[in-house]
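Working notes, structure below.
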Amino acid sequence: MTPNRQALESALCALENAEHCTMFASGMAAIMAAFSLVASGEDILCAKDIYGGTFRLCKDVLPQQAITTTHFDAADPDSIRSLCKPNTRLLIYESPSNPTLKVFDVPRIAQIGRELGLVVVFDNTFASPALMNPLDFGVDIVVHSTTKYISGHSDVVGGALLTNRADLAEKIAFYSKCTGAVPSPFDNWLTLRGLKTLELRMQRHCANAQVVAEFLAAHPQVRAVNYPGLATHPGRELAQRTMRGFGGMLSFELDGSARDVATVANSFQVFLLAESLGGVESLVAYPKMMSHASLTDEERREREIPDNLLRLSVGIEDPQDLIQDLEQALARVAHPARARA
Ligand SMILES: Cc1ncc(COP(=O)(O)O)c(C=O)c1O
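Residue numbering for the sequence shown follows our numbering, starting at 2 and increasing by one per position.
Here you go:
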């Protein structure tokens, strides 16, 4: 344990209303540490709408330890009861979802999971502790990929697990010590430095994302926009109830062919084409070819991730620069009405 790590862990505890925090070398290392609470022969209940890396871990790595996964629809919390088996040990979910920005009832899912005696794990990477505190809703363990909003500058990789349960914290700390996937003192220092502006950055991420979402919603070449801050978003009321802002992530469906999507994705000058999220700079990602490329066409269909979907991580730049960039990128593909003429 180094002083930088101690300082970072206590700062994250303060932000997430947690008693215990363990830092890891990446978000995936943190998620794997949470899964270490599950033994061979046991089952994990995993939300269908989950980060692609978590899905891949459940699908391709955990079976090697004879741990199985059952997927549930987080939009239907009561389905958890019928899917829970005698050997189910842990439930994991996230909200807003990636990349379709669905908003789920975080407190209700936590309540059902706990009633069933499961360890309830919530990945709070998208909202960050500035916008949501899931432990207050009854979640047992909060996961963060601190690579994203918490560090905020796309220059460090890290992860954290936070809990108020001393029994779980002890097991997590033991696993961390035994397996050694810990961050370096410099990584912790960079993360702490980023953390100092989390609140300010999140305010600007939210404000910019709202402007971008409204611009896209009114654009003739855009078929649909997924952003909880839009009046038309089905999860808006739930987001208002559980979050202190709608976040910096959004996705939209282009009204065009797969080639048009690729053209737009490659035409940005301010938005960088990259898979990560949560940094000060705006990023664009093409889920079908990037974050969700390991899913089959069928698995993507099940998760309602269409081939024409682009995901934006809206940064903290001047919003007019972002709008101009979107305008010029969208102008490069023919409007279907013009193409047909
Ligand atoms: C929601 C979510 N959880 C976990 C991770 C994994 O984090 P890391 O890249 O730090 O391993 C990511 C990465 O994109 C993510 O988006």
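Here a beta-carbon is modelled for each residue, glycine too, at the ideal position from N, C-alpha and C.
Remember, it's a predicted structure, so these values are computed and weren't measured experimentally.
(request) Indicate whether asparagine 227 and proline 320 have their beta-carbon atoms separated by less than 8 angstroms. (result) Taking 8 angstroms as the Cβ cut-off, asparagine 227 and proline 320 do not qualify as a contacting pair.
(message) For the pair the segment 272–286 and the segment 214–230, tell me if three or more CB-CB distances fall below 8 angstroms.
(response) Because the criterion of three Cβ pairs below 8 angstroms is not met, the segment 272–286 and the segment 214–230 do not touch.
(request) Quick one: residues in its chain with C-beta nearer than 8 angstroms to the C-beta of serine 11, no 5 flanking neighbours on either side, listed in chain order? (result) Spatial neighbours of serine 11 in its own chain (CB-CB distance under 8 angstroms, excluding positions within 5 residues in sequence) are listed in chain order as Cys22.
(request) Throw me the rounded Cβ distance for the leucine 46 and isoleucine 81 pair, which I believe falls under 8 angstroms. (result) A Cβ-Cβ distance of about 6 angstroms is found for the pair leucine 46 and isoleucine 81, placing them in contact under the 8 angstroms criterion.
(message) Within 8 angstroms, do at least three Cβ pairs link the segment 300–318 to the segment 246–256?
(response) Yes, the segment 246–256 touches the segment 300–318.
(request) Flag this pair as yes or no: are the beta carbons of alanine 128 and leucine 199 separated by less than 8 angstroms? (result) For alanine 128 and leucine 199, no; Cβs fall outside 8 angstroms.
(request) Ignore the nearest five residues each way along the sequence and tell me which others in leucine 117's own chain have a CB closer than 6 angstroms to its CB. (result) Excluding sequence positions up to five before and after leucine 117, its CB lies within less than 6 angstroms of the CB of Cys85, all in the same chain and listed in chain order.
(message) At 3 residues or longer, what runs of the beta strand (DSSP E) sit wholly inside the segment 112–182?
(response) Listed in chain order, the complete beta strand (DSSP E) runs (minimum 3 residues) inside the segment 112–182 are 120–124, 142–146 and 160–164.
(message) Going by beta-carbon coordinates alone, are valine 281 and histidine 72 separated by less than 8 angstroms?
(response) No, these two residues do not count as a Cβ contact at 8 angstroms.
(request) Could you spell out where the beta strand (DSSP E) holding cysteine 47 opens and where it closes? (result) From DSSP, the beta strand (DSSP E) with cysteine 47 extends over 44–48.
(message) Going by DSSP, what residue range makes up the beta strand (DSSP E) through alanine 294?
(response) No beta strand (DSSP E) holds alanine 294; DSSP gives it neither H nor E.
(message) In this structure, how does DSSP classify phenylalanine 253 when only helix, strand and coil are distinguished?
(response) Strand, per DSSP.
(request) Going by CA-CA distance only, name the one from Asp308, Met291 and Gly249 that's closest to alanine 259. (result) If we check each option's Cα against that of alanine 259, Asp308 comes out closest.
(message) Going by the DSSP bridge assignment, what does glutamate 95 pair with across the sheet?
(response) Answer is Asp124.
(message) Can you give me the C-alpha to C-alpha distance between serine 268 and valine 122, rounded to a whole angstrom?
(response) Rounded to the nearest angstrom, the two C-alpha atoms are 38 angstroms apart.
(message) Counting C-beta neighbours from all protein chains within 10 Å, is the total for methionine 2 16 or more, i.e. buried, or is it exposed?
(response) Answer is exposed; the Cβ neighbour count stays below 16.
(request) Return the chain-ordered list of same chain residues with a C-beta closer than 8 angstroms to the C-beta of arginine 90, the five sequence neighbours on each side being excluded. (result) The beta carbon of arginine 90 is closer than 8 angstroms to those of Leu38, Val39, Ala40, Glu43, Asp44, Ile45, Leu119 and Val120 in its chain, skipping five residues each way along the sequence.
(request) Please say whether alanine 225 and alanine 30 have beta carbons closer to each other than 8 angstroms? (result) Against a cut-off of 8 angstroms, the Cβ pair of alanine 225 and alanine 30 comes out as no contact.
(request) In the DSSP assignment, find the alpha helix (DSSP H) that holds phenylalanine 216 and state where it starts and stops. (result) The continuous alpha helix (DSSP H) containing phenylalanine 216 extends over residues 199–218.
(request) For proline 184, collect the residues of the same chain with a Cβ closer than 6 angstroms to its Cβ; drop the 5 residues on either side in sequence, then sort them by chain order. (result) Taken in chain order, the residues that qualify are Met24, Ala26 and Gly159.
(request) Determine the contact status of leucine 323 and serine 292, defining contact as a CB-CB distance below 8 angstroms. (result) Result no, Cβ atoms of leucine 323 and serine 292 do not sit closer than 8 angstroms.
(request) Could you please give me the residues that DSSP links to leucine 196 through a beta bridge? (result) By DSSP's assignment, leucine 196 forms no beta bridge with any residue.
(message) Rounding to the nearest angstrom, what Cα-Cα distance links alanine 266 and arginine 57 in this structure?
(response) One C-alpha to the other measures close to 25 angstroms.
(message) List, from N- to C-terminal side, the beta strand (DSSP E) runs of 3 residues or more that fit wholly inside the segment 215–244.
(response) The segment 215–244 contains, as complete beta strand (DSSP E) runs of 3+ residues, the segments 223–227 (chain order).
(request) Determine the direct distance from the alpha carbon of proline 87 to that of alanine 215, and round the result to whole angstroms. (result) Looking at the sequence provided, one finds glutamate at residue 215 rather than alanine. For glutamate 215 and proline 87, the distance between alpha carbons rounds to 47 angstroms.
(request) Locate the alpha helix (DSSP H) running through cysteine 22, then write down its first and last residues. (result) Here cysteine 22 belongs to no alpha helix (DSSP H); instead the beta strand (DSSP E) covers 21–25.
(message) Here's the rule: buried if 16 or more other CB atoms are within 10 angstroms of the residue's CB, otherwise exposed. What is cysteine 179?
(response) Taking a 10 Å sphere around the C-beta of cysteine 179, we find fewer than 16 other C-beta atoms and assign the residue as exposed.
(message) Let me confirm a value: valine 143 is counted as buried when at least 16 other C-beta atoms fall within 10 Å, else exposed. Which label applies?
(response) Per the 10 Å Cβ criterion, buried.
(message) Just to confirm my understanding: we take methionine 33, look at its own chain, exclude 5 residues before and 5 after, and list those with CB closer than 6 angstroms. What are they?
(response) Excluding sequence neighbours, methionine 33 sits near nothing in its chain.
(message) With H, G and I counted as helix, E and B as strand and the rest as coil, what does DSSP make of phenylalanine 73?
(response) Note: phenylalanine 73 maps to strand in three-state DSSP.
(message) What does the alpha-carbon distance come out to for the pair tryptophan 190 and leucine 163?
(response) The C-alpha of tryptophan 190 lies about 19 angstroms from the C-alpha of leucine 163.
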